[in-house]
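Residue numbers (the numbering used here), protein chains in the order written: chain Z, 1 to 114; chain A, 115 to 518; chain X, 519 to 602. Where is the CB? At the ideal position from N, CA and C, for every residue including glycine. Note that the coordinates shown come from a computational prediction; the quantities given were computed from them, not determined experimentally. Accompanying notes for the structure given below.
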Amino acid sequence: MLIGRDILDQQVVDRAGRLMGKVDGVVLGPPEGEDARIAGIVIGGTTLLWRIHRGLARWAERKLGGEGRATFVPWAKVTKIGIDIKVDVDAPRTRAFHWENWVRDHLIGRIPGA
Amino acid sequence: MSKLFEIALGVITGIGGFLEAGSLTTAAQAGAAFGYQLIWAIAVGTVCIAFLVEMAGRLAAVSRHALPDAMRERFGIRFFLLPLAAVALVSFLVLASEIGGVTLALEFATGISHRWWAIPTALSIWLLLWKGTFGMVEKGTSMLGLVTLAFVVAALTLHPHPAEVARGLVPRGPTHDAARYWFTAVSIVGASVSPYLFYFYSAGAVEDQWDEGYLTINRITAGVGMTFGGAVAVAALVCAALVLHPQGIQVDRFEQIPFLLTSPLARAGFWLFVGALFIACFGAALEIALQLAYLVAQGFGWRWGENLQPREAARFALVYTVVIPLAALVILSGIDPLKLTVISMALTALSLPVTVVPLLILMNDPQYLNEHTNGWVSNVAVLAVSAIACLVALVALPLEILGS
Amino acid sequence: MRRVRLLCGLTLAGIVFLGGCGKSPADQAREATTTLASWKATLRLLEAQEARGVVPEAYAGQVRRAAEEEREKATAELRKAGSR
């Protein structure tokens with residue numbers, strides 16, 4: 001399994017089939033012999049920025065005071081890697097939906113008929 | 115029986131959805147300035163978009179991924195940002211020109227200046243997306259879009275010589291005004307091969323939950339639908355060639371285009387034109403706005419879906435809620451809709467390699483397509499058209515802008 | 519990477535050069551004349567259609583307004599080209 005090809009940027013789906021986001025980053029754990037070990041995947045926050053432009057990411061983290069609202073899903077919770085990456089997690093209870101909920105509550109939800 | 119129905123629906127979508135502000139304008143300009151000489155450009159553009167639409171459908175059916183989704187996965191975020199930006203920018207400009215088309219139809223119908231119509235139009239588009247379902251948008255626009263067949267009727271009424279029309283299918287150089295000729299040719303290709311067409315088609319295939327069983331339907335829909343759609347564009351060109359060209363009238367303003375239908379079809383032609391312009395541009399605007407939302411939401415993994423309530427896919431809804439008024443602002447600002455349309459078509463052609471090559475790479479990746487990867491014909495055809503269109507646009511666009 | 523940058527630079531220079539060539543005063547004059555003729559013909563066509571009762575009054579007014587604006591622009595172009 002190649003991290004770049006099979007895990008990074010894949011769609012993440014929670015245990016109820018909800019779209020959680022894309023794998024923006026991967027956290028590696030201490031290696032087992034010759035193989036890298038994956039500690040988990042990261043969704044959201046400033047993770048994506050680090051892959052686009054380091055300077056921008058550093059500036060963003062200074063502004064936000066940290067990584068923003070990144071969601072870390074430990075590798076143990078990853079149940080299936082195929083078309084999507086299925087995780088045994090409840091998305092609404094994680095920070096992955098923070099911005100989705102914020103937009104819903106403060107913007108979209110305020111417009112009648114939403 | 116159900117599959118036959120699906121095919122019929124798909125073909126009607128191809129016909130009804132083909133003509134919009136860009137293809138109508140460029141066809142009218144081509145016919146008025148060059149008679150039948152540029153019919154080959156419409157043919158080339160049509161063949162290219164037919165290939166691309168079929169590919170987008172095949173990708174969705176086999177990999178169960180929509181295009182932006184697959185692109186980010188395959189290329190990673192850094193390389194995804196370039197096509198994302200290109201498609202978003204170009205689609206936004208085309209969206210503004212479609213809104214322009216709608217406002218002009220309303221101006222022709224009511225006499226009230228088109229700029230006043232920008233906000234009501236934006237509101238209606240937004241409302242239909244807010245409250246509507248995917249099926250409504252897709253089927254509504256394609257069914258109503260059949261009114262553009264008026265151009266076919268008009269063209270036939272004008273009794274074109276079939277042999278002369280057929281000669282126009284052969285690619286050739288200009289007999290006069292080379293710069294204008296090539297710029298118009300490139301704009302025609304840009305109008306036919308608009309990225310929003312195959313991005314929207316791919317999103318639709320996923321919304322409709324296509325699987326490998328749909329591959330044949332996909333092929334027929336793309337091939338037959340786009341071909342008939344292209345024929346409608348050719349009909350518009352023929353009308354211009356027979357009504358405007360003999361009088362030495364060149365199309366510089368939208369106000370000259372209704373003549374295409376009023377000459378052959380009298381008063382009914384005028385109202386058919388207004389109706390066709392309104393419906394074609396409104397439908398295209400709906401699709402482009404939706405497509406922009408799909409592009410961003412699918413690229414970043416957000417919840418998406420036109421069949422969901424807005425509060426269930428809030429960020430997805432936010433994209434089209436923001437993009438539509440911004441596009442309306444462009445029209446409000448007073449930019450001439452015809453110039454905006456023609457320039458966005460040329461820019462589309464210019465950006466073709468960036469928007470098309472990622473799709474081509476995906477279509478040759480067995481990881482996504484299993485055994486249904488591209489044959490060499492599709493690859494060569496699309497690559498050739500994109501590369502040539504881009505190169506010609508590179509020269510013709512600055513000449514046109516800086517020369518005027 | 520350097521080769522790509524060189525290529526981009528050359529292309530840009532080529533475009534600017536071509537663009538800078540622009541249109542000679544003769545070309546500008548020719549185009550302006552064609553535009554004027556085109557709009558004259560447009561108004562003729564409009565009158566013919568008005569006589570047949572084919573086009574609504576409001577639309578005819580819009581065409582005339584557009585013709586006026588475009589002819590003003592073309593006349594200005596002619597003047598500019600003539601003075602060069």
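Quiz item: Does A/L195 get closer than 8 Å to chain Z when you measure Cβ to Cβ?
Solution: As a position in the second sequence, residue 195 of chain A is number 81, starting the count at 1. The C-beta of A/L195 comes closer than 8 Å to at least one C-beta of chain Z.
Self-check item: Z/K80: first and last residue of the uninterrupted beta strand (DSSP E) it sits in
Solution: By one-based count along the first sequence, residue 80 of chain Z stands at place 80. Note, Z/K80: beta strand (DSSP E), V78 to I81.
Self-check item: Cross-chain neighbours of Z/V27 in chain A, by beta carbon under 7 Å
Solution: Position 27 of the first sequence holds residue 27 of chain Z. Under the 7 Å cutoff, chain A gives no residues; its nearest Cβ is about 17 Å from Z/V27.
Practice problem: Figure out for me which residue from A/G448, A/D450, A/G415 and A/I457 has the closest Cα to the Cα of Z/R18. | Solution: Within the first sequence, the letter at position 18 stands for residue 18 of chain Z. The option with the nearest alpha carbon to Z/R18 is A/G415.
Quiz item: Per DSSP, Z/F72 forms a beta bridge with which residues?
Solution: Here residue 72 of chain Z corresponds to residue number 72 of the first sequence, with the count starting at 1. Per DSSP, Z/V42.
Exercise. Could you pull out every residue in the same chain whose Cβ sits closer than 7 Å to the Cβ of X/Q567, ignoring the five residues on either side in sequence?
Key: As a position in the third sequence, residue 567 of chain X is number 49, starting the count at 1. Correct list, in chain order: V573.
Exercise. At 4 residues or longer, and completely inside the segment 412 to 498 of chain A: list those alpha helix (DSSP H) runs for me, N to C.
Key: 428 to 446, 451 to 477 and 480 to 483
Quiz item: Out of curiosity, what's the CA-to-CA distance linking A/A175 and A/L483?
Solution: Along the second sequence, one-based indexing puts residue 175 of chain A at 61. Along the second sequence, one-based indexing puts residue 483 of chain A at 369. So the two alpha carbons sit approximately 9 Å from each other.
Quiz item: Along chain C, in chain order, which residues have C-beta atoms closer than 8 Å to that of X/S556?
Solution: Protein chains in the displayed structure are Z, A and X, and chain C is not among them.
Practice problem: Taking the CB atoms as reference points, tell me whether A/T127 and A/E321 lie closer together than 8 Å. | Solution: On the second sequence, position 13 is the one that residue 127 of chain A refers to. On the second sequence, position 207 is the one that residue 321 of chain A refers to. Not a contact, by the Cβ cut-off of 8 Å.
Quiz prompt | 8 Å Cβ cutoff, A/G149 in contact with chain X | solution = One-based indexing of the second sequence puts residue 149 of chain A at position 35. No, A/G149 does not count as interfacial toward chain X.
Quiz item: Shorter than 8 Å from the beta carbon of A/P274 to some beta carbon of chain Z?
Solution: Within the second sequence, residue 274 of chain A is the residue found at index 160, counting from 1. With 8 Å as the cut-off, A/P274 does not count as an interface residue toward chain Z.
Exercise. Could you name the residues that DSSP lists as bridge partners for Z/V26?
Key: Looking up residue 26 of chain Z in the first sequence gives position 26. Paired residue(s): Z/I41.
Self-check item: Given 8 Å, three or more beta-carbon pairs between the segment 457 to 477 of chain A and the segment 495 to 515 of chain A
Solution: Three or more Cβ pairs drawn from the segment 457 to 477 of chain A and the segment 495 to 515 of chain A lie within less than 8 Å of each other, which places the two stretches in contact.
Quiz item: If you follow the alpha helix (DSSP H) that Z/I85 is part of, which residue opens it and which one closes it?
Solution: For the purposes of this step, residue 85 of chain Z is identified with residue 85 of the first sequence, where counting begins at 1. It is not in any alpha helix (DSSP H) - Z/I85 instead sits in the beta strand (DSSP E) that spans I85 to V87.
Practice problem: Taking C-beta pairs closer than 7 Å, name the residues in chain Z that A/E187 reaches, listed in chain order. | Solution: One-based indexing of the second sequence puts residue 187 of chain A at position 73. Those are D9 and Q10, listed as they occur along chain Z.
Quiz item: Which partner residues does Z/T11 have in the DSSP bridge list?
Solution: Position 11 of the first sequence, counted from the first residue, corresponds to residue 11 of chain Z. It should be noted that the sequence gives Gln, not Thr, for residue 11 of chain Z. Note: Z/Q11 sits in a beta bridge opposite Z/K22.
Quiz item: Z/R116 to A/A142, Cα distance in whole Å?
Solution: Nothing in the structure corresponds to residue 116 of chain Z, since chain Z is present only between 1 and 114.
Self-check item: Under the three-state DSSP convention, the category X/G538 falls into
Solution: Residue numbering aside, residue 538 of chain X sits at position 20 when the third sequence is read from its first letter. Low local confidence applies: a pLDDT of 49 at X/G538 is under 50, so the model's placement there is unreliable, with the coordinate-based value given in what follows. Note: X/G538 maps to helix in three-state DSSP.
Practice problem: Mind checking which residues open and close the alpha helix (DSSP H) that includes A/G254? | Solution: Sequence index remark: in the second sequence, residue 254 of chain A carries index 140 (1-based). From DSSP, the alpha helix (DSSP H) with A/G254 extends over F248 to G259.
Practice problem: Would you mind telling me which residues of chain X sit closer than 9 Å to A/G531, beta carbon to beta carbon, in chain order? | Solution: Absent from the model: residue 531 of chain A. The displayed extent of chain A is 115 to 518, so no value can be given.
Self-check item: Straight-line gap, A/S137 to A/A305 (C-alpha atoms, nearest Å)
Solution: Translated into the one-based positions of the second sequence, residue 137 of chain A becomes position 23. Translated into the one-based positions of the second sequence, residue 305 of chain A becomes position 191. Distance between the alpha carbons of A/S137 and A/A305 is about 5 Å.
Self-check item: When A/V437, A/A345 and A/S500 are compared against A/L207, the one with the closest alpha-carbon
Solution: As a first step, residue 207 of chain A must be located in the second sequence, where it is residue number 93. Measuring from the Cα of A/L207, the nearest candidate turns out to be A/V437.
Practice problem: Apply the 10 Å Cβ neighbour rule to A/F193 and answer buried if 16 or more other Cβ atoms are within range, or exposed otherwise. | Solution: Along the second sequence, one-based indexing puts residue 193 of chain A at 79. By the 10 Å Cβ count, A/F193 comes out exposed.
Quiz item: So, using beta-carbon positions, are A/P451 and A/S211 closer together than 8 Å?
Solution: Reading the second sequence from its first residue, position 337 is the one you call residue 451 of chain A. Reading the second sequence from its first residue, position 97 is the one you call residue 211 of chain A. Their beta carbons are under 8 Å apart, which means A/P451 touches A/S211 by this criterion.
Exercise. From the DSSP output, in three-state form, read off Z/D6 for me.
Key: Taking the first residue of the first sequence as position 1, residue 6 of chain Z is located at position 6. DSSP places Z/D6 in helix when its eight states are reduced to three.
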